[in-house]
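Participant: Numbered by UniProt numbering, the letters in the sequence shown go through residues 1 to 271 in order.
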Amino acid sequence: MLRAASASVPGGIMLPNHSALKVAENFRMLETLYPGRIDLGMGRAPGTDRITSSLLNPSNDFSETSYLRQLEHLQHFFRDTAGTERGFIYATPQSPTIPEQWILSSSGGSSNIAARFGMGLAVAKFINGFIKPDVVEEYKRNFRPSDQLEKPRVIISVFTLCGETEEKAAEMRKMMDYVLVEFERGKFGPFPDPETVRKYQFSFGELDRIRYNSGRIVSGTPESVKEQLTRLAIDFEADEVMVSTMADTFENRIRSFQLISEAFNLREPVL
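#1: Which stretch, first to last residue, makes up the beta strand (DSSP E) that contains Leu-40?
#2: So, for Phe-264: in the same chain, excluding its five sequence neighbours on each side, which residues have a beta-carbon less than 7 Å away from its beta-carbon?
#3: Do you know offhand how far Val-179's Cα is from His-73's?
#4: Can you check which of these residues, Glu-137, Gly-36, Ser-66, Pro-99, is closest to Ile-234 by C-alpha distance?
#5: DSSP three-state label for Ser-219, please.
#6: Would you say Phe-117 and Leu-149 are within 7 Å of each other, going by their C-beta atoms?
#7: Would you tell me roughly how many angstroms separate the C-alpha atoms of Leu-68 and Ser-19, rounded to the nearest one?
#8: Taking Cβ to Cβ, would you say Ser-111 is nearer than 7 Å to Ala-169?
#9: By DSSP, does Ile-113 sit in helix, in strand, or in coil?
#10: Is Gly-205 helix, strand or coil when you go by DSSP?
#11: Where does Asp-147 sit, in a helix, a strand or coil, going by DSSP?
#12: Measuring CB to CB, does Ala-122 end up less than 7 Å from Ile-155?
#13: For Ala-122, list the residues DSSP reports as bridge partners.
#14: In the DSSP output, what is Ser-244 paired with across the bridge?
#15: Starting from Pro-10 and walking both ways along the beta strand (DSSP E), at which residues does that stretch end?
#16: Would Ile-103 pass as a contact of Met-29 if the rule is Cβ separation under 7 Å?
#17: Answer yes or no: do Glu-31 and Thr-92 have a C-beta to C-beta separation smaller than 7 Å?
#18: Can you name the start and end residues of the alpha helix (DSSP H) that Leu-266 belongs to?
#19: Using the Cα positions of Pro-133 and Lys-151, report the straight-line distance between them to the nearest angstrom.
#20: Hey, would you say the C-beta of Gln-201 is under 6 Å away from at least one heavy atom of the ligand ATP?
#21: Does the distance from the CB of Asp-248 to the CB of Met-176 come in under 7 Å?
#22: To the nearest angstrom, report how far apart Asp-49 and Arg-209 are at their CA atoms.
#23: In or out: Tyr-212 buried (at least 16 other Cβ within 10 Å) or exposed?
#24: Do you know how far the Cα of Ser-54 is from the Cα of Gly-47?
#25: Rounded to whole angstroms, what is the Cα-Cα separation between Met-61 and Glu-171?
#26: Would you identify the three-state DSSP class for Lys-132, choosing helix, strand or coil?
#27: Quick one, are the C-beta atoms of Arg-216 and Gly-129 less than 7 Å apart?
#28: For Asn-26, report the span of its alpha helix (DSSP H) as first-last.
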């Protein structure tokens, strides 16, 4: 667990799967425990099938109007105005500060929503490798300052794999390619044995999917990863870069994070 007293504690919510009141109360509790350290990221997609999503939130009608209403209610709950269409309802506990809010965007459709509400924009390149910097340009052009954010802020998020050598990085990348291909087949089991993946020969169809997914992933040695992430941050005018690492072992994940941290001369994470 992170021991740093100032470390940010981010969280992500597929908002249509929950009531705005439930989200507000959960994150106000977190904000009470860790004031000024909580980030609330919100996605528009349910992240599951409609039946499951309907069971999670029976009032979800899967419309943009419903999503916007949830965001509006959430702001009222955070501000203690509780201006819902059903009356005056307050979210507890009462916290002196509110979480920093971000809208996830994988196709650009949510960038205007983030701009309208004066929230940060998290560009999900780890979901859509083809997303372009135009999304950020539109967000910044339409941004409306809010009581939580005076200027637009951008995070670019991408799958990132870092190995000490090119051979190790290539091994991690092949594992990631294999797992993503399996995900697309609906197979979400544990990571396979490294030797199985090492010997595996991808079919032509699988190689097409790997090329399609290549924009979602940054991989290589520390120097290469640093160069690629820096270029992404520049291209997307990002204030922060968020890396997500999927590896077959916990040790490989931690080592990847350590190498990235060292490449950027950051403080080594305490785990």
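Each residue gets a CB set at the ideal place from its N, CA and C atoms; glycine is no exception. Nothing here was measured: the structure is a model prediction, and the numbers come from that model.
Facilitator: Here's the rundown:
#1: 38-43
#2: Lys-226
#3: 38 Å
#4: Glu-137
#5: strand
#6: no
#7: 12 Å
#8: no
#9: helix
#10: helix
#11: coil
#12: yes
#13: Leu-104, Ile-155
#14: Phe-159
#15: 9-14
#16: no
#17: no
#18: First-last for Leu-266: undefined, no H or E at that position.
#19: 18 Å
#20: The ligand ATP is not among the ligands present in this structure, which contains no ligands whatsoever.
#21: no
#22: 22 Å
#23: exposed
#24: 12 Å
#25: In the sequence as displayed, the identity of residue 61 is Asp instead of Met. Each residue's alpha carbon lies about 44 Å from the other.
#26: coil
#27: yes
#28: 20-33
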